[in-house]
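Protein sequences appear in the order of chains E and H.
Take 1 as the starting number for the first sequence in the numbering used here and just add one per residue.
Take 138 as the starting number for the second sequence in the numbering used here and just add one per residue.
The beta-carbon is built from N, C-alpha and C at its ideal position, and this holds for glycine as well.
Computed from a predicted model, the values in this text were never measured in an experiment.
Protein chains: 2
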Amino acid sequence: MRLNSTSQYAIRILSYIARKQDEHILSAHELSEALNIPYKFLTKIMTKLVKAEFVESVRGRDGGFRLKDDPEKISIDDVLNLFNDSIKEEQCLLGIGACDTHCKCAMHDQWMKPKLLIQKLFRESSIKDISKKGSKI
Amino acid sequence: MRLNSTSQYAIRILSYIARKQDEHILSAHELSEALNIPYKFLTKIMTKLVKAEFVESVRGRDGGFRLKDDPEKISIDDVLNLFNDSIKEEQCLLGIGACDTHCKCAMHDQWMKPKLLIQKLFRESSIKDISKKGSKI
DNA sequence: TTTAAATTCTACCTAAAGGTAGTAATTGAT
DNA sequence: ATCAATTACTACCTTTAGGTAGAATTTAAA
Ligand code: SF4
Ligand code: SF4
Numbered sequence: 001m002r003l004n005s006t007s008q009y010a011i012r013i014l015s016y017i018a019r020k021q022d023e024h025i026l027s028a029h030e031l032s033e034a035l036n037i038p039y040k041f042l043t044k045i046m047t048k049l050v051k052a053e054f055v056e057s058v059r060g061r062d063g064g065f066r067l068k069d070d071p072e073k074i075s076i077d078d079v080l081n082l083f084n085d086s087i088k089e090e091q092c093l094l095g096i097g098a099c100d101t102h103c104k105c106a107m108h109d110q111w112m113k114p115k116l117l118i119q120k121l122f123r124e125s126s127i128k129d130i131s132k133k134g135s136k137i
Numbered sequence: 138m139r140l141n142s143t144s145q146y147a148i149r150i151l152s153y154i155a156r157k158q159d160e161h162i163l164s165a166h167e168l169s170e171a172l173n174i175p176y177k178f179l180t181k182i183m184t185k186l187v188k189a190e191f192v193e194s195v196r197g198r199d200g201g202f203r204l205k206d207d208p209e210k211i212s213i214d215d216v217l218n219l220f221n222d223s224i225k226e227e228q229c230l231l232g233i234g235a236c237d238t239h240c241k242c243a244m245h246d247q248w249m250k251p252k253l254l255i256q257k258l259f260r261e262s263s264i265k266d267i268s269k270k271g272s273k274i
């Protein structure tokens, strides 16, 4: 019952870039060290973020990464979707799925509340929100 | 962001046994077919449930499984704990952990609400609750 | 006492997540 | 032109979750 590591890394990466990119462009080495993410694994995530057009890369010496869009335009849910890790409408607690109002497990209704809260949290939080000064990434 | 298959299976198994055990003892074959869980995988889960003393087994011909305790005494959280799948106090959204009130990510406070709701749901729901007639398992 | 239906044990297999290694390509600075 | 710092690409490795196979053990009934 947790986000997978790759999604967690991706959110922290984007958030860190958002916070620092006005000072200087961010290299994979800096990101790896600052965020304590294995370098080789980080570069793998970066190429996914580049292909998904969340960030754009500058190759060659003095290269690095910067956000392609404004950080308030990227929601957490957008990022999670890239890694198949968001909470979908049909998300089921017991893995049966496709139940309806007449036939459902006893936990279904209680499961809706936290589920909707999490969906809302992911959809309404942007990378800008979580990159605010003073907050941990 | 979901329960692992093994936990889901275990909850459904216990719930099914709770509902049917007054009629007859439940064999692995019946459970496997009724719940659509691969037979060999189910028997593996059953031995864990036996060792954890959620169910007791009757070996040999006409054997099977029955609950060891009253179904209202087994909470969903108890079951999830057996499979390292419950939501812990320190459960973190971004995987950084060990943050405090002064230093936390921007999502921490919003994450508390759904997290507490889910904890409550798991702790206050028993196998009896979810095995009620008319509800899917 | 044999048989068949059941659980239990040990060992293995497969797929996915998480992570690593090495090399090629790009590019600014010297 | 060369070099060093950088991203991009391809391929592999390790761990964990999920699942399978087969034989051993137990027991009620014929
Ligand atoms: S009723 Fe229960 S089993 Fe059915 S879809 Fe909802 S959570 Fe899943
Ligand atoms: S503040 Fe954020 S990163 Fe820190 S423990 Fe809470 S959820 Fe995790």
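Contact with chain H by residue i, beta-carbon distance below 8 Å
i                 : result
Leu-21 (chain E)  : It should be noted that the sequence gives Gln, not Leu, for residue 21 (chain E). No - not a single Cβ of chain H is within 8 Å of the one on Gln-21 (chain E).
Ala-145 (chain E) : What is shown of chain E runs 1 to 137, which leaves residue 145 (chain E) out entirely.
Pro-71 (chain E)  : no
Lys-132 (chain E) : yes
Ile-127 (chain E) : no
Pro-114 (chain E) : yes
Ala-106 (chain E) : yes
Cβ-based burial, residue i [other Cβ within 10 Å; buried from 16]
i                 : result
Lys-265 (chain H) : buried
Ala-235 (chain H) : exposed
Ser-131 (chain E) : buried
Tyr-39 (chain E)  : exposed
Lys-188 (chain H) : exposed
Val-55 (chain E)  : buried
Cys-103 (chain E) : exposed
Ser-142 (chain H) : exposed
Arg-59 (chain E)  : exposed
Leu-253 (chain H) : exposed
Phe-122 (chain E) : buried
Heavy atom of ligand 2 within 7 Å of residue i beta-carbon
i                 : result
Lys-115 (chain E) : no
Ile-155 (chain E) : With chain E covering 1 to 137 only, the question about residue 155 (chain E) has no answer from this structure.
Leu-230 (chain H) : yes
Cys-99 (chain E)  : no
Lys-241 (chain H) : yes
Option nearest residue i by Cα separation, candidates the options
i                 : options                                    : result
Phe-202 (chain H) : H:Ser-223, H:Glu-167, H:Ser-144            : H:Glu-167
Arg-61 (chain E)  : E:Ser-125, E:Ile-25, E:Gln-91, E:Lys-20    : E:Ile-25
Asp-215 (chain H) : H:Leu-151, H:Cys-240, H:Glu-170            : H:Leu-151
Pro-71 (chain E)  : E:Ala-10, E:Ser-126, E:Ser-5               : E:Ser-126
Pro-114 (chain E) : E:Thr-43, E:Lys-68, E:Lys-88               : E:Lys-88
Glu-90 (chain E)  : E:Ile-76, E:Leu-82, E:His-108              : E:His-108
Thr-47 (chain E)  : E:Ala-28, E:Gly-95, E:Asn-36               : E:Ala-28
Leu-219 (chain H) : H:Leu-179, H:Asn-173, H:Glu-170, H:Glu-190 : H:Glu-190
Ala-147 (chain H) : H:Gly-200, H:Glu-160, H:Leu-204, H:Met-138 : H:Leu-204
Leu-94 (chain E)  : H:Lys-210, H:Ala-243, H:Glu-160, H:Asp-222 : H:Asp-222
Chain E within 8 Å of residue i, Cβ atoms only
i                 : result
Ser-142 (chain H) : yes
Gly-232 (chain H) : yes
Ala-165 (chain H) : no
Ile-91 (chain H)  : Residue 91 (chain H) lies beyond the residue range present for chain H, which begins at 138 and ends at 274; the question has no answer from this structure.
Met-138 (chain H) : yes
Leu-258 (chain H) : yes
Leu-219 (chain H) : no
Check: residue i C-beta below 7 Å from any heavy atom of ligand 1
i                 : result
Met-107 (chain E) : yes
Ile-96 (chain E)  : yes
Trp-248 (chain H) : no
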